[in-house]
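Participant: Line by line, the protein sequences give chains A and B. Position one of the first sequence corresponds to residue 1 (full-length UniProt numbering), numbered consecutively onward. Position one of the second sequence corresponds to residue 1 (full-length UniProt numbering), numbered consecutively onward. Okay, handing you the structure first.
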Amino acid sequence: MAKRIDVSGLSAFYGTHKAIDDISMTVEPRSVTAFIGPSGCGKSTFLRTLNRMHEVTPGGRVEGKVLLDDENLYDSHVDPVSVRRTVGMVFQRPNPFPTMSIYDNVAAGLRLNGSYKKNELSDVVEKSLRGANLWNEVKDRLNKPGSGLSGGQQQRLCIARAIAVEPQVLLMDEPCSALDPISTLAIEDLIGELKERFTIVIVTHNMQQAARVSDRTAFFNLAAVGQPGKLIEIDETERIFANPSVQATEDYISGRFG
Amino acid sequence: MSQATMTKDTAPTPAPVAPSLAGKRLPRWSPIGFGALSLALAVGVGLAADWQSKVQWGLIAAILFVVLTFIASSAVEGTRQAKDRVATSFVWVCFLLAIIPLASLLWVTVSRGLKVLDGYFLTHSMAGVPGFEVGGGVYHALIGTLEQVGLATLIAAPVGLLTAVYLVEYGKGTLAKAVTFFVDVMTGIPSIVAGLFLLSIMLMFNLQPSGFMGALALAILMVPVVVRSTEEMLKLVPNELREASLALGVPKWRTILKVVLPTAVGGITTGVMLAIARIAGETAPIMLLVFGSQLINTNPFDGAQSSLPFYIWEQYRVGSEASYDRAWAAALVLIAFVMILNLVARGIARWKAPKTGR
């Protein structure tokens, strides 16, 4: 089910601008890996290279290797569409499809991929909504538009939509930054449950959140504005927060950054 | 140090004497009052000077209204309020100036058009009716307009839609810039030029005039309008929706088909309907390519047809009382046709718009 990600020598570009430089790391299966670092250091860009969403941006280009259980995502014969079916993504701002009902939103991935059996669809929708802790709140209004939900519910709807296609890995790009503390707590609990089944990578600006939810933490930094971002270190979350091996990490975590 | 600053900041300073919030205001009916007064004055001036033109009366009334409002308001309320009232008056005057031609056009068309507009008029052609006599109808022209506009839409809507999808979703570099440039140029093509272009093709291949040739010319006029409006609508679809769909492993073409287009469908429909409304009134290409006819011809691919704008022109040219009545009635039918299309477009836009309710 869950897969290991091995990144080696990965650089990403926007046109001629190098956004991240020579990153190598391993993401363990069935665990939560958090990316922290200042704004503009390339965390989100790096995250988007893990399911080939980076190249959707105009001018986006990637060098290096990303191995998903020994299969290089950037091999010339790999189809980005099947990569994205294997590696799902949740975005910073909740983005349910405005023309679709709650039910259709969750079913969207299966329907649009055309790979489903009709009688299984409602089971998958229920299972995914339960998986995202949203079922009890929306079970009576599955036919209402998804955009009528609150922000926190919308984000859980997006998580349900992402897990409905049964990916191996779930990437989350600051999934709680637009949410209030209670919705954030709901999503953090959810992440704890989801890691039993998926490999999860989460970008966050909230260091307490990284400490709460993640097993391993990676710290990214950039030398100066306009310079490419680099991976400073990746380690067990407890070590990163208690006793990091690089001075810059300690400075950033303790707020003595810059 | 900070303690000292604090004390300094909190030291009592003499509060400035607050001006009263309420000032003198003109009564609420004053705009209407000034309007009536200036109208009465304008009528008086006009009668006294023996001006025949009502336009002059109206202009004097408008100027008097703005001047009177300014003088009274600055005397009672002060200059800021006076400026506000003058701006409001200008907006009202401009609104009236804009509405007068529209309302009078509608009024004249309805009052003159209703004279002969009935079931008989809508279901009979001009076959065997001499132009200067009463009788006859608009059926052949209505059929012609429906078929020509329908065919033009069938050609132009898919072409325009797909061009817009290319420009927004795929196009980059020189080709997209060139397409955009030529669409802009095409928007400005006069309808007679599109008609002449197809006429030259018609003569080159020795073809006969038909509704289809007219529809081709109308399609040329329609494509750029559809491209422009669809392009704007597709640009309004948030990029996050495309990314959300792509991240689910949905191929790009399905993302466009199932997520982008449904989100924009309301606006796209409105754009297509407006483009139809634009070409429904074209006369020049019909004259050149469809030739006009007094008879019912339901086959747009063979033989001459008529159309509503052509019929109006034709009837007006005859110059008898009966033909004038028919021309006005046909104009009313054309306006009704465009209006119904507009209402349908609004209905579809509202029905298909992304839902926000709880």
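Heads up, the beta-carbon is just placed ideally off N, CA and C, and yes, glycines get one too.
Could you tell me if residue 25(B) is buried or exposed, where buried requires 16 or more neighbouring beta carbons within 10 angstroms of its beta carbon?
Facilitator: Residue numbering aside, residue 25(B) sits at position 25 when the second sequence is read from its first letter. Residue 25(B) should be labelled exposed.
Participant: Report yes if the CB atom of residue 155(A) is closer than 8 Å to the CB atom of residue 187(A), and no otherwise.
Facilitator: Numbered from 1 along the first sequence, position 155 holds the residue referred to as residue 155(A). Numbered from 1 along the first sequence, position 187 holds the residue referred to as residue 187(A). Taking 8 Å as the Cβ cut-off, residue 155(A) and residue 187(A) qualify as a contacting pair.
Participant: Exposed or buried, what is residue 130(A) when buried is set at 16 or more other beta-carbons lying within 10 Å of its beta-carbon?
Facilitator: For the purposes of this step, residue 130(A) is taken as residue 130 along the first sequence, with counting starting at 1. That one is exposed.
Participant: Any beta carbon of chain A sitting closer than 8 Å to that of residue 262(B)?
Facilitator: Within the second sequence, numbered from 1, the residue matching residue 262(B) stands at position 262. Interface residue, yes.
Participant: List the residues of chain B whose Cβ lies closer than 9 Å to the Cβ of residue 88(A), in chain order.
Facilitator: The residue labelled residue 88(A) in the question sits at position 88 within the first sequence. Per Cβ cutoff of 9 Å: 247, 248 and 249.
Participant: Residue 6(B) by DSSP, collapsed to three states: which one?
Facilitator: Stepping through the second sequence from its first residue, residue 6(B) is reached at position 6. With a pLDDT of 47 at residue 6(B), under the threshold of 50, the predicted position of this residue should be treated as unreliable, and no value is reported.
Participant: Would you mind listing the alpha helix (DSSP H) stretches within the stretch 318-358 of chain B that are 4+ residues and don't spill past its ends, in chain order?
Facilitator: Entirely contained in the stretch 318-358 of chain B, the alpha helix (DSSP H) runs reaching 4 residues are, in chain order, 321-352.
Participant: Would you say residue 270(B) lies against chain A (beta-carbon separation less than 8 Å)?
Facilitator: The residue given as residue 270(B) occupies position 270 in the second sequence. For residue 270(B), the answer is no, since every Cβ of chain A falls outside 8 Å of its Cβ.
Participant: Please identify the residue among 40(B), 339(B) and 71(B) whose C-alpha is closest to the C-alpha of residue 276(B).
Facilitator: On the second sequence, residue 276(B) is found 276 positions in, with the first residue counted as 1. Comparing Cα-Cα distances from residue 276(B) to each of 40(B), 339(B) and 71(B), the minimum goes to 339(B).
Participant: Alpha carbon to alpha carbon, how far is residue 97(A) from residue 34(A)?
Facilitator: Against the first sequence, residue 97(A) aligns to sequence position 97. Against the first sequence, residue 34(A) aligns to sequence position 34. One C-alpha to the other measures close to 27 Å.
Participant: Please report the residue range of the alpha helix (DSSP H) in which residue 44(A) lies.
Facilitator: Along the first sequence, read from residue 1 onward, the residue named residue 44(A) stands at position 44. Its alpha helix (DSSP H) spans residues 43-49.
Participant: Flag residue 53(A) as yes if its beta-carbon sits less than 8 Å from any beta-carbon of chain B, otherwise no.
Facilitator: In the first sequence, counting from the first residue as 1, residue 53(A) sits at position 53. It does; some Cβ of chain B falls within 8 Å.
Participant: Quick check: residue 46(B) and residue 56(B), are their CB atoms within less than 8 Å of each other?
Facilitator: Position 46 of the second sequence, counted from the start, is the residue given in the question as residue 46(B). Position 56 of the second sequence, counted from the start, is the residue given in the question as residue 56(B). Yes, these two residues count as a Cβ contact at 8 Å.
Participant: Is it true that the CB of residue 234(B) sits closer than 8 Å to the CB of residue 260(B)?
Facilitator: Indexing the second sequence from 1 puts residue 260(B) at position 260. Indexing the second sequence from 1 puts residue 234(B) at position 234. Yes, the pair counts as a contact, with Cβ atoms nearer than the cut-off.
Participant: Please name the residue, chosen from 190(A), 220(A) and 229(A), that lies closest to residue 251(A) on a Cα-to-Cα basis.
Facilitator: Stepping through the first sequence from its first residue, residue 251(A) is reached at position 251. Cα-wise, what sits closest to residue 251(A) is 220(A).
Participant: Does DSSP put residue 126(B) in a helix, a strand or coil?
Facilitator: Reading the second sequence from its first residue, position 126 is the one you call residue 126(B). Coil, per DSSP.
Participant: Which one of 10(A), 110(A), 193(A) and 107(A) has the shortest CA to CA distance from residue 64(A)?
Facilitator: Translated into positions along the first sequence, residue 64(A) becomes position 64. Comparing Cα positions, the closest option is 10(A).
Participant: Which residue or residues does DSSP assign as beta-bridge partners of residue 229(A)?
Facilitator: Counting from one through the first sequence, the residue named residue 229(A) turns up at place 229. Note: residue 229(A) sits in a beta bridge opposite 20(A) and 222(A).
Participant: Look up residue 174(A) in the DSSP assignment and say whether it is helix, strand or coil.
Facilitator: Residue mapping note: residue 174(A) aligns to position 174 of the first sequence, counting from 1. If DSSP states are grouped into helix, strand and coil, residue 174(A) belongs with coil.
Participant: Within 8 Å, do at least three Cβ pairs link the stretch 286-300 of chain B to the stretch 165-181 of chain B?
Facilitator: They do not touch, by the three-pair rule.
Participant: By Cβ distance below 7 Å, which residues in the same chain neighbour residue 302(B) in space, the five residues on each side in sequence not counted?
Facilitator: Your numbering for residue 302(B) matches position 302 in the second sequence. Counting only Cβ-Cβ distances below 7 Å, and skipping sequence neighbours, we find 210.
Participant: Identify which residue in 21(A), 204(A), 198(A) and 73(A) has its Cα closest to the Cα of residue 178(A).
Facilitator: As a first step, residue 178(A) is located in the first sequence; it is residue number 178 there, counting from the start. Nearest C-alpha to residue 178(A): 204(A).
Participant: With the cut-off set at 8 Å, would you say residue 215(B) and residue 300(B) are in Cβ contact?
Facilitator: Position 215 of the second sequence, counted from the start, is the residue given in the question as residue 215(B). Position 300 of the second sequence, counted from the start, is the residue given in the question as residue 300(B). Yes, the Cβ-Cβ distance between residue 215(B) and residue 300(B) is below 8 Å.
Participant: So, for residue 191(B): in the same chain, excluding its five sequence neighbours on each side, which residues have a beta-carbon less than 7 Å away from its beta-carbon?
Facilitator: As a working mapping, residue 191(B) is identified with position 191 in the second sequence. Correct list, in chain order: 221, 282, 284 and 285.
Participant: On the DSSP bridge list, what partners appear for residue 14(A)?
Facilitator: Along the first sequence, one-based indexing puts residue 14(A) at 14. Paired residues: 17(A) and 60(A).
Participant: Residues of the stretch 225-241 of chain B in Cβ contact with chain A at a cutoff of 8 Å, in chain order, please.
Facilitator: The residues in question are 238, 240 and 241.
Participant: Ignoring anything shorter than 3 residues, give me the beta strand (DSSP E) runs that lie fully in the stretch 132-178 of chain A, in order along the chain.
Facilitator: Correct list: 169-173.
Participant: Show which residues of chain B have a CB atom less than 9 Å away from the CB atom of residue 84(A).
Facilitator: Here residue 84(A) refers to the residue found at position 84 when the first sequence is read from its first residue. Ordered by position in chain B, the residues that pass the 9 Å Cβ test against residue 84(A) are 246, 247, 248, 249 and 250.
Participant: By alpha-carbon positions, which one of 217(B), 186(B) and 162(B) ends up nearest to residue 152(B)?
Facilitator: Position 152 of the second sequence holds residue 152(B). Ranking 217(B), 186(B) and 162(B) by Cα distance to residue 152(B) puts 217(B) first.
Participant: Where DSSP assigns a beta bridge to residue 305(B), which residues make up the other side?
Facilitator: For the purposes of this step, residue 305(B) is identified with residue 305 of the second sequence, where counting begins at 1. The partner list for residue 305(B) (beta bridge, DSSP) reads 291(B).
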